[in-house]
Each structure stands twice: as C-alpha cells, then as structure tokens.
Amino acid sequence: MKTAFRLLVCFILFGMLWSCKNDSKTTSKDNNTEKSKVKDTIPKVIIPAGGENDVDVSHIKTLTQEKLEDYLKKYERNNPESLVEVKTRFGDFKIQLFAAERLHRVNFIRLTKLGYYDDTFFHRVDSGFVVQGGNSDKPSTQKLRAKIGDYLIPNEYNPLHKNNYGFVGMAKPTSQKVSNASSAFEFYIVVKKDGANHLDKEFTVFGRVVEGMDVVEKISQVETDASEWPLSNIQMDVNVLR
Numbered sequence: 145m146k147t148a149f150r151l152l153v154c155f156i157l158f159g160m161l162w163s164c165k166n167d168s169k170t171t172s173k174d175n176n177t178e179k180s181k182v183k184d185t186i187p188k189v190i191i192p193a194g195g196e197n198d199v200d201v202s203h204i205k206t207l208t209q210e211k212l213e214d215y216l217k218k219y220e221r222n223n224p225e226s227l228v229e230v231k232t233r234f235g236d237f238k239i240q241l242f243a244a245e246r247l248h249r250v251n252f253i254r255l256t257k258l259g260y261y262d263d264t265f266f267h268r269v270d271s272g273f274v275v276q277g278g279n280s281d282k283p284s285t286q287k288l289r290a291k292i293g294d295y296l297i298p299n300e301y302n303p304l305h306k307n308n309y310g311f312v313g314m315a316k317p318t319s320q321k322v323s324n325a326s327s328a329f330e331f332y333i334v335v336k337k338d339g340a341n342h343l344d345k346e347f348t349v350f351g352r353v354v355e356g357m358d359v360v361e362k363i364s365q366v367e368t369d370a371s372e373w374p375l376s377n378i379q380m381d382v383n384v385l386r
C-alpha cells in the first residue's frame, strides 16, 4: 500500500517539475480557531505516534478556493512573520520567506503554525536538482490536508526571485499547465549548483535558505527508491522564528 501511495504522489504531485527537468536535461483579530501569533495559547496539532487517524483537526478552518485570497490577506494582519526554521535528523536550516510573494508566504506561515509540516517528510529527493517536502504516506497527513482545504495558490512569479541554488519554491499539480498555480502544501529547495532556471515563471519562488544549506545538501544525498522517495523517512519539524 505504501509503495502504491508513493507512486501516486510521484505522478500526481510535482509532475510538472519533473517534466520541466526532462525538457531541459485569515484570520481576523477575533478569530481564535487558529494561532494568530507564535506565542498564542492554541498549540500546534498534536501528531499521534505513527501518524494514526485520530489526529485532532477540530480547530482548523477549512479554506475554499473562492475564499482563499481574502482569508490569507486578513490572516496576514496578525501573522507578518517571514523567517522559519526546519529541523531534521541531519541538522537544522532556516528559510527566509519573501514579502513580494504574499499569498505563498502567508500560506506557508499558516501551515507552519498549524503544525502541518511537522507531520510530513522530505518525500522526494533528486540529487543534483531539488529536494521536495510537505507530504507523507501517513493517514494523519492526509486527514490534515483534507481539513486545511483543497485549494491552489495563484502564481506569483517575480523576475527578481529565480530558481537559483538554495532558493525555495512551491510545487504544483500536473493539471496546472495554464495558470501555473501552486500546491498549497509541497515545497522544494533547489540544490543544483547552477540553478534550475528553466523552472522560472512556471513555479513561484517564495523564499531562500539563509542558514544551513549544508544540511539541505546532506538530505539531497540520501538513498532513494525508484520513485525518488528516501529509503529512510526524513521527518521535519518547522517553526516560525520571526
């Protein structure tokens, strides 16, 4: 079952990024259902050991495509942070999120504060190209995704932010061949030394690794199966710093 899920992830999520490679080779102030500040009294989602289905998602507001932009713009008012830390068994690294790609930044901060990424892995590693995180084969991850919402983030391409080494972008479903809208959940980090600029415009770059790129390099060297899924899961713990 796990193998089938991994193959499904490989084909459906981030398919466009693989294709491109081959071609070149809100809350408002009175909303207390989510954390509006890092030091809020509402904790992150508590993930059960092993990722069981009984993860509590009752406090999460489900977003729809129609309400997405308005919600994120309101959420931004109390959630202006732009620096996050990613902890892994290989070490820690920090990502600075860009202000220009507004919706992508706010969405990433929201998911981080909800604890979504703490239940996910770096589930795709293509050495010399990218490492991708934000999904897993655990039932709890799929339950979280369903509760957070089935939506896409509009493309926010900025010519000043390209797919250079160490830069961070959002993946996209294979269906997004026209709008280039991003996945709400999965992100990638470019590890190709001379960049992956053939991805520019089609994928929104919204941040860069500002500390600990050596850790990302270690992740990029792990052994994977045929679907580029690491043989040993690489769990992450993501926290907002400021």
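The numbering of the sequence shown is my numbering, which starts it at 145 and goes up by one.
Beta carbons are placed, not taken as given, at the ideal position from N, Cα and C, and that holds for glycine.
- V199 is a Cβ neighbour of L288, given a cutoff of 8 Å.
- Contact between V334 and A340 holds, with the beta-carbon distance rounding to 5 Å and staying under 8 Å.
- DSSP places D358 in the uninterrupted alpha helix (DSSP H) bounded by M357 to S364.
- Across the structure, D262 and N251 are spaced so that their CA atoms are roughly 15 Å apart.
- A contact is defined here as three or more CB-CB pairs under 8 Å, and the stretch 253-268 meets this definition with respect to the stretch 276-287.
- Burial check for E367: the Cβ neighbour count within 10 Å stays below 16, so the residue is exposed.
- Under the DSSP assignment, I292 falls outside any beta strand (DSSP E), being part of the alpha helix (DSSP H) whose first and last residues are P283 to I292.
- Taking C-beta atoms under 8 Å as the contact rule, N383 and T256 qualify, at a distance of about 7 Å.
- The way I'd put it, the stretch 221-234 doesn't touch the stretch 288-298; fewer than three beta-carbon pairs between them come closer than 8 Å.
- Where Y309 is concerned, there is no enclosing alpha helix (DSSP H), because DSSP gives it neither an H nor an E.
- For S326, the number of other beta carbons within 10 angstroms of its own is at least 16, and it is reported as buried.
- Beta-bridge analysis with DSSP links V250 to no other residue.
- Membership of L227 in the beta strand (DSSP E) is indicated by the continuous run L227 to T232.
- Here Q365 is exposed: its Cβ has fewer than 16 other Cβ atoms, across all protein chains shown, within 10 Å.
- Spanning the alpha carbons of V275 and H203 requires a straight line of approximately 31 Å.
- Here D344 is buried. Its C-beta has 16 or more other C-beta atoms within 10 Å.
- Note on A315: 16 or more other CB atoms within 10 angstroms of its CB, so buried under the neighbour-count rule.
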